[in-house]
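The opening residue of the sequence shown carries number 16 in my numbering; numbering runs sequentially from there.
Backbone N, C-alpha and C fix where the C-beta goes; we use that ideal spot for every residue, glycine too.
The structure displayed is predicted, hence computed values, not measured ones.
Report on the following structure.
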Amino acid sequence: MKYIIGNWKANKNSADVIHWSDVFLKEYIFQENTTFIVCPPSPFLRYMQQAFKELKNVIVGAQTIASVEEGSYTGETTAKTLQGVAGFTIIGHSERRKHFHESDGDLASKVLLAKKYNIEPIYCVRDEKDPIPEGVTFVAYEPVAAIGTGQNEPPEQVLIMKKKMTLPKDCVFIYGGSVNETNSASYLATGEIDGFLIGKASLDAHQFLSIGRNG
Ligand code: PGA
């Protein structure tokens, strides 16, 4: 299975989301070997889950979850509240590590909570030095220099890093960093990269879908 994961970050308003979903619904073609995971800002998760509920191999995911289970934590979105809405959650994106000072300990708690509430973590690492908590299956390697810069890391380089990492058994190995419809096929051609975490190019439904069709 190939996984095409869209990370919208803090982009789009309600009107944009309706438009994106309309285009996606119109252009989506089911492929047995391809799963699309769309991670919008959390207020739009429910809407998108409902919009895509008839589509096979399309799942919505969160961009992060709280490291606490429930209680007096104003503003947090927990795994418990997302149960049954998000099938996946990104955990440990480098932007969260940097801007929100998330530690390896916080991230390990998030993994446990996600699993407890049947949400599959997509665990992001910047290089081989970031530890991967137990229970993780989806590992997204995202070199910081490649994120949002247009400077995607070449596939050969990604495979060198993959060899250096201590990956879980039966790992689903995802690459992220300036992936677009032009460069995506070269990663899949290696046979060692199972999909992508896509920022900018996922903001356009047409581009996002064409990355899924390329491999
Ligand atoms: P990018 O973002 O595709 O815009 O480089 C990737 C990410 O941050 O997940």
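Query, Result
"So if DSSP puts V75 in a beta bridge, which residue, or which two residues, is it bridged to?", "V53"
"For the beta strand (DSSP E) containing K215, list its first residue and its last residue.", "First-last for K215: undefined, no H or E at that position."
"From the DSSP output, which residues share a beta bridge with A155?", "C139, I189"
"Taking the alpha-carbon positions, what's the S201 to A155 distance?", "17 Å"
"Using alpha carbons as the reference points, say which of N133, E110, I106 lies closest to G120.", "I106"
"So for I147, helix, strand or coil by DSSP?", "coil"
"With a threshold of 6 Å (Cβ to nearest heavy atom), would N22 be considered close to ligand 1?", "yes"
"Give a single yes or no on whether G107 has its beta carbon closer than 6 Å to a heavy atom of ligand 1.", "no"
"Could you tell me the boundaries of the beta strand (DSSP E) in which N198 lies?", "No beta strand (DSSP E) holds N198; DSSP gives it neither H nor E."
"With distances taken between CB atoms, is the gap from K179 to E143 smaller than 7 Å?", "yes"
"Rounded to the nearest angstrom, what separates G206 and K17 at their Cα positions?", "10 Å"
"Using only alpha-carbon positions, find the residue among P158, C54, D31 that is nearest to S109.", "P158"
"Does the segment 50-60 come into contact with the segment 82-91, if we say contact requires no fewer than three beta-carbon pairs (one atom in each stretch) closer than 8 Å?", "no"
"With a CB to CB cut of under 8 Å and the five nearest residues on each side skipped, what residues in its chain are close to H221?", "V38, E42"
"Select from V73, A77, L97 the residue whose C-alpha is nearest the C-alpha of E84.", "L97"
"Going by the CB atoms, is the gap between A161 and E168 shorter than 7 Å?", "yes"
"Sorry if obvious, but does the Cβ on S225 come closer than 6 Å to a heavy atom of ligand 1?", "no"
"I'd like the span of the beta strand (DSSP E) that includes F39, first residue to last.", "No beta strand (DSSP E) contains F39, which is instead part of the alpha helix (DSSP H) from 29-42."
"What's the gap between the Cα of Q166 and the Cα of F153?", "23 Å"
"Run the CB neighbour count on A129, radius 10 Å, all protein chains shown included, and call it buried at 16 or more, exposed below.", "buried"
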